[in-house]
Structures are given as structure tokens and as C-alpha cells.
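Mapped onto the numbering used here, the consecutive letters of the sequence shown carry residue numbers 9 to 302.
Ideal Cβ placement from N, Cα and C applies to all residues, glycine included.
Below is one structure; the comments refer to it alone.
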Amino acid sequence: MNTVNSEFERQKRRKRAVKKGVMVLKYAALAVASFIVLMPIMWFMTSSFRSNNEVFANINPFSLREMFFGTYSLENYRTIFVKYNFARTVGNTLLVCFLTITIGIFVCSMAGYALAKMEFKGKRIMMMLVLFSIMIPFDAIAIPLYSIIMKLRWIDTYKAVILPAVANGMTIFLFRQSFVDIDNSLLESARMDGAGEFRTYLQIVMPVSIPTIISGALVMFTAQWNAFMWPLLVARSDKLKMLQVALADFQLENGTMWAELFAGITISMVIPCVILIPFQKYYIRGIASSGTKG
9 MNTVNSEFER QKRRKRAVKK GVMVLKYAAL AVASFIVLMP IMWFMTSSFR
59 SNNEVFANIN PFSLREMFFG TYSLENYRTI FVKYNFARTV GNTLLVCFLT
109 ITIGIFVCSM AGYALAKMEF KGKRIMMMLV LFSIMIPFDA IAIPLYSIIM
159 KLRWIDTYKA VILPAVANGM TIFLFRQSFV DIDNSLLESA RMDGAGEFRT
209 YLQIVMPVSI PTIISGALVM FTAQWNAFMW PLLVARSDKL KMLQVALADF
259 QLENGTMWAE LFAGITISMV IPCVILIPFQ KYYIRGIASS GTKG
């Protein structure tokens, strides 16, 4: 009996040791992967506090000590805000994002509600068009869309940047998938109490779809914040310049202003993180729930 118990204990200890070894290997692999992913980000963030001559000084040979404990200066940030009026560029981009989200959530949620809870001819075709709009690259429609904007005389206006982005296929799809799961009996009860279709949508459907609203808002914010080609085509003047277009201006004919570019990239990365991280759980919940409904 004692022999059986001792053998059992040895097997138990062996399994525990193997489990700990696997955990150590997993954490080691994650640490290495994190280092590989984060190192370029940390490099350009620290380089944003150096002069152009010092940016590549710690690359060949590579020196972690020089990268993290070298000299730091805010001169690059002062330059982009004073000389290149970067504050106006960031403000423009945030304004465009805010207006796009405000109008877009209203438009996309109504479209999603119609596709999920209303019956009409061509409903399946409309749903297919929404899915096609997600799959078709923007480059394929940029030229005809630009022709329409030019005929409307919207070039160099906020309308040209905002309105084409409010009907976002991905956001419509998210709302449609979310609304499908709402019990139809709840909507029928509201209609029996005298609520019209719009009131049902506004007072019954939208309040229970907060995670989807946040997910859709983040999708639209990310799309506008990272937009480059379309703002480059329709927002040419300095007063309407968007963030990604402004970053491209640091690439001059006689070379790239790396230090100023890295300062701008750091700002363009920090602001979305500050906005997105607090709502991360809602975003994940909205995306996950939308993928489980037919």
C-alpha cells in the first residue's frame, strides 16, 4: 500500500513539475514576443525626444542603455506644434472623428435596425451590398466618389471628409447582428402601446445596445483617425489637414525629418490609446456578440 501511495505521489509531483515547466516556457515565449513587438515602438517613442542626428545613434551598434538613458528634449514637440501647427491638425482630426461618429451611429444603427427587424423587398440584396462594401477596398471607389464630391463642389470642406464615412458597412453589420438578438415580442409590446417604429428603435432598441454603439463608434473613430488617401484627395488646404496627411509632410524632397516624424507618430498613437483602452471591454463584447448571431 505504501509503495502504491509513493508511486502515486511521484507521478503527481512529476505532472506538477511538467505543468510548471510548460508555464515557464509560455511566459518566456510571451516575454520574447512582447519584447520583439514593443521594442520598435519604444525606439521611435524615445527617438522623438532626440535630435535628427541622434535618432539612429543607438542602432549601429544597438544599445539599450543609450536608447533609454540618453539625452532627452522636448524640442521636436515644440517644433511640430509651433512651426507646423500640429495642434490644429489634431483638433481637425478629432472634430472629423466626432462628427463622423455622431452622424454615423445614427445612420448605421437605423440601417441595421431596418435590416434586422423590418421586412421589405430587396432586403437580402441590401444586406449583400453591405457585406460587399466591407470587402471592396476603398481604392476601387475612390475615383468615382471623388468625381461626385467634385461635382457637388465639396472639395476642401468638412462635408467631403465626413459624409462619405458615415455609412460604414462594418458598423451597419455590427448593429444588424446585435438587433437580430432582440426579442420581437418586446418590440410588438411597444407597438401595441402606441409606439411608432422610430420611437421603438430609439427608446427600446438603442438603450439595450450600448456595447454595440461603443464598438461601432470605435470602428468609425479608428477608420477616420487612420485615414490618409481620402483626406489627401479632398482636404488639401492647411486649415482642413488631417493627421496622417500631416505626418506625410515630414518626408521632404531632400530627406525625412525623422525626429519630428516620430514625435507626430507618438502623438497619433497615444491619443487613440487614451480613447480606446477605457472602452476595450465594451468593444470586445460588441464584436464577440455580433459574430454569434445569424
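Query: Close-in-space but distant-in-sequence residues of the same chain around residue 272 (CB under 6 Å, 5 per side omitted); Result: 88 and 255
Query: Cβ-based burial, residue 63 [other Cβ within 10 Å; buried from 16]; Result: buried
Query: The region 275-287 contacting the region 115-127, beta-carbon criterion three pairs below 8 Å; Result: no
Query: One or two residues paired with residue 263 in a DSSP bridge; Result: 260
Query: Extent of the continuous alpha helix (DSSP H) to which residue 286 belongs; Result: Segment: none, residue 286 is in no alpha helix (DSSP H) and carries neither H nor E.
Query: Residue closest to residue 61, alpha-carbon to alpha-carbon, out of 94, 158, 218 and 268; Result: 268
Query: Contact set for residue 2: own chain, Cβ-Cβ below 8 Å, skip 5 residues either direction; Result: The structure shown does not extend to residue 2, since the chain spans only 9 to 302, so no value can be given for it.
Query: At least three beta-carbon pairs within less than 8 Å, the region 209-216 to the region 169-177; Result: no
Query: Proximity below 7 Å, CB of residue 182 to CB of residue 217; Result: no
Query: Residue 179 - containing alpha helix (DSSP H), residue span; Result: 177-188
Query: Under the three-state DSSP convention, the category residue 113 falls into; Result: helix
Query: Inter-residue Cα distance where the pair is residue 213 and residue 147; Result: 35 Å
Query: Length at least 4, wholly inside the region 207-256: the alpha helix (DSSP H) runs in chain order; Result: 218-233, 237-242 and 251-256
Query: CA-to-CA distance, residue 150 to residue 180, given in whole angstroms; Result: 20 Å
Query: Under 7 Å between C-beta atoms of residue 105 and residue 232; Result: yes
Query: Environment of residue 192 [buried if 16+ CB atoms lie within 10 Å]; Result: exposed
Query: 6 Å Cβ shell around residue 252 - same chain, five flanking residues per side excluded; Result: 236
Query: Residues sharing a beta bridge with residue 151, DSSP; Result: Paired residues: none, contrary to the question.
Query: In DSSP terms, what residue 70 is bridged to; Result: 67
Query: Residues near residue 227 by beta carbon distance below 6 Å, same chain, minus five either side; Result: 178 and 179
Query: Alpha-carbon to alpha-carbon, residue 155 and residue 129; Result: 30 Å
Query: Identity of the residue in 84, 126 and 46 nearest residue 195 by Cα; Result: 126
Query: Buried or exposed by the 16-neighbour rule on C-beta atoms within 10 Å, applied to residue 100; Result: buried
Query: For residue 250, the nearest candidate out of 47, 23 and 98 (CA to CA); Result: 98
Query: For residue 220 and residue 300, the rounded distance between their alpha carbons; Result: Note that residue 300 scores a pLDDT of 48, beneath 50, so its modelled location is shaky; the value from the coordinates is reported in the next line. Each residue's alpha carbon lies about 13 Å from the other.
Query: Residue 97, DSSP secondary structure in three states; Result: helix
Query: For residue 162, the three-state DSSP class (helix, strand or coil); Result: coil
Query: Integer-rounded CB distance, given that residue 44 should sit under 8 Å from residue 225; Result: 32 Å between Cβ atoms; not a contact.
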